[in-house]
């Protein structure tokens, strides 16, 4: 009877550890991406130039603001 209790506790602890690890990793990645966005001003400028557009600073700022607003909603 004691062995089943030990196995049950091990399984519960394992599931709890996996769930806790998932939420901690998710929170870490959200803060990391907020501090270090995947697309910065220089990358956006290069992408616009490759598409044949001549990027103005105003347009780049608008696109960055829209992208950051989208990140905040998530």
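In the numbering used here, the protein residues as written are 3 to 76.
Glycine is no exception: its CB is placed at the ideal position from the N, C-alpha and C atoms.
Task: For residue 47, the nearest candidate out of 35, 61, 34 and 40 (CA to CA) - done: 61
- [ ] Please confirm if the stretch 35-51 is in contact with the stretch 63-74, defined as three or more CB-CB distances below 8 angstroms between the two stretches.
- [x] Judged by Cβ distances under 8 angstroms, the stretch 35-51 makes contact with the stretch 63-74, as three or more pairs qualify.
- [ ] Consult DSSP for residue 41 and reduce its assignment to one of helix, strand or coil.
- [x] Coil at residue 41, not helix or strand.
Task: Nearest-angstrom Cα separation, counted from residue 44 out to residue 19 - done: Rounded to whole angstroms, residue 19 and residue 44 show a C-alpha spacing of 40 angstroms.
Open item on the list: Can you find the residues in the same chain that come closer than 6 angstroms, C-beta to C-beta, to residue 59, ignoring five residues on each side of it along the sequence?
Closed with: none
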